[in-house]
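Just below is one structure, and these are the notes that go with it.
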Amino acid sequence: MKLNCIAIDDEPLALDLICKFIEQTSFLNLIGKFTNGVEALGFINQNEIQLIFMDIQMPDLSGMELARVLDGKKNSDNTRIIFATAYHQFAIEGYKVEALDYLLKPYSYEDFLNASTKAFSYFERLKNHSQPAVASQSDSAQPEYIFLKVEYQLVKVILKDIACVEAYKDYVKVHLLSKPNPMLSLTSLKSMEELLPSQQFMRVHRSYIVALNHIDSVSKNVIQIGKHQIAVGDNYKEAFLEFISKWMN
């Protein structure tokens with residue numbers, strides 16, 4: 001899946017940089033670039049665009065004003081915004097119009113890729129949730145994989161291969177059944193919790209998410225998954241015990 005993108009910035013150098021970053025990113029497709037919001041709005045109304053990278057301070061129609069216009073449109077969830085600005089104080093305003101993310105100039109390609117990966121994951125979830133319902137829960141459509149940012153690329157990870165996910169500083173360690181060493185991804189455990197389907201994964205500790213189908217045993221408050229022993233945190237114990245009780249005689 002590729003996301004159709006446009007870039008909007010009244011500063012030529014800033015516009016060139018964001019276009020360069022978009023073109024470097026395999027899952028993004030640049031279909032337009034603009035130096036003002038008015039011209040961009042006309043293009044947006046006539047084209048299918050998933051992602052808009054734009055500055056906030058622009059003449060005639062600011063990025064914030066354009067965001068409010070788009071927020072009032074039908075199917076606004078199908079178009080998301082990532083703001084890029086030199087002014088940190090605009091971050092709060094950006095989140096008020098439900099911007100997907102916020103880039104503070106000057107930003108690196110790594111910063112850009114982190115924000116873009118969040119957008120990709122959002123549209124993957126949107127696509128999965130829009131699948132038509134079917135009669136049997138056992139046949140219901142569930143995502144089979146996710147994409148995770150590993151170094152400077154997106155890596156496809158099969159959900160059935162995930163044993164557990166562990167918080168590690170600013171990263172997460174994704175422990176896979178098929179590999180001896182974990183995969184290190186620059187994201188938060190909270191983001192992983194939102195990304196992984198709740199029917200298959202559960203947060204059981206402030207530092208761990210487990211794959212429910214791969215639980216080998218539970219002894220007292222410790223979950224065994226292969227070689228991993230994971231304590232169930234006090235804040236997660238009630239929900240986990242409720243899940244376990246459904247499978248007890």
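Position 201, counted from 1, in the sequence shown is what the UniProt record's numbering calls 201; the numbers after and before it change by one each time, with no gaps. The C-beta atom is built at its ideal place from N, Cα and C for all residues, glycine as well.
| query | result |
| --- | --- |
| With a CB to CB cut of under 8 angstroms and the five nearest residues on each side skipped, what residues in its chain are close to Ser138? | Bear in mind that the predicted position of Ser138 carries a pLDDT of just 38, short of 50, making it unreliable; the figure below should be weighed with that in mind. Closer than 8 angstroms at Cβ, skipping near neighbours: no residue. |
| Write down the C-beta distance between Ala14 and Asp55 rounded to the nearest angstrom, noting that I regard them as a contact closer than 8 angstroms. | 7 angstroms |
| Which residues in the same chain as Ile44 place their Cβ atom closer than 8 angstroms to its Cβ, once the five residues preceding and following it in sequence are excluded? | Ile6, Ile52, Leu70, Thr79 |
| Residues in the same chain with beta-carbon distance under 8 angstroms from residue 250, minus the five sequence neighbours each way, listed in chain order, please. | Summary: the structure shown does not reach residue 250, with the chain confined to residues 1 through 249, and so no result is reported for it. |
| Decide if the stretch 227-235 is in contact with the stretch 203-216; the criterion is three or more beta carbon pairs, one per stretch, under 8 angstroms apart. | yes |
| Just to confirm, is the Cβ distance from Leu189 to Val165 under 9 angstroms? | yes |
| Could you name the residues of the same chain whose beta carbon sits closer than 8 angstroms to that of Lys127, not counting the 5 residues immediately before and after it, in chain order? | Met1 |
| Between the Cα of Asp9 and those of Phe21, Lys169, Gly63, spot the shortest distance and give me the residue it belongs to. | Gly63 |
| Just how far apart, CA to CA, sit Thr35 and Phe83? | 14 angstroms |
| Nearest-angstrom Cα distance between Leu195 and Asp111? | 20 angstroms |
| Just mark Ser116 as buried or exposed, buried being the case when its beta carbon has 16 or more other beta carbons within 10 Å. | buried |
| Starting from the Cα of Lys20, find the closest Cα among Leu154, Tyr109, Thr85, Glu11 and give me that residue. | Tyr109 |
| Whole angstroms is fine: what's the gap from Tyr171's alpha carbon to Leu184's? | 7 angstroms |
| For the UniProt domain "Response regulatory" (4-120), which segments carrying the alpha helix (DSSP H) assignment without a break, of at least 4 residues, lie completely within its bounds, in sequence order? | 12-24, 37-46, 63-71, 90-96 |
| Between which two residues does the beta strand (DSSP E) carrying Ile146 extend? | 145-150 |
| Would you identify the three-state DSSP class for Ser245, choosing helix, strand or coil? | helix |
| Between which two residues does the beta strand (DSSP E) harbouring Lys156 extend? | 153-158 |
| Whose C-alpha, out of Ser178, Leu100, Tyr168, is nearest the C-alpha of Leu159? | Ser178 |
| Flag this pair as yes or no: are the beta carbons of Tyr208 and Ala167 separated by less than 9 angstroms? | yes |
| Helix, strand or coil, according to DSSP, for Arg206 in the structure here? | coil |
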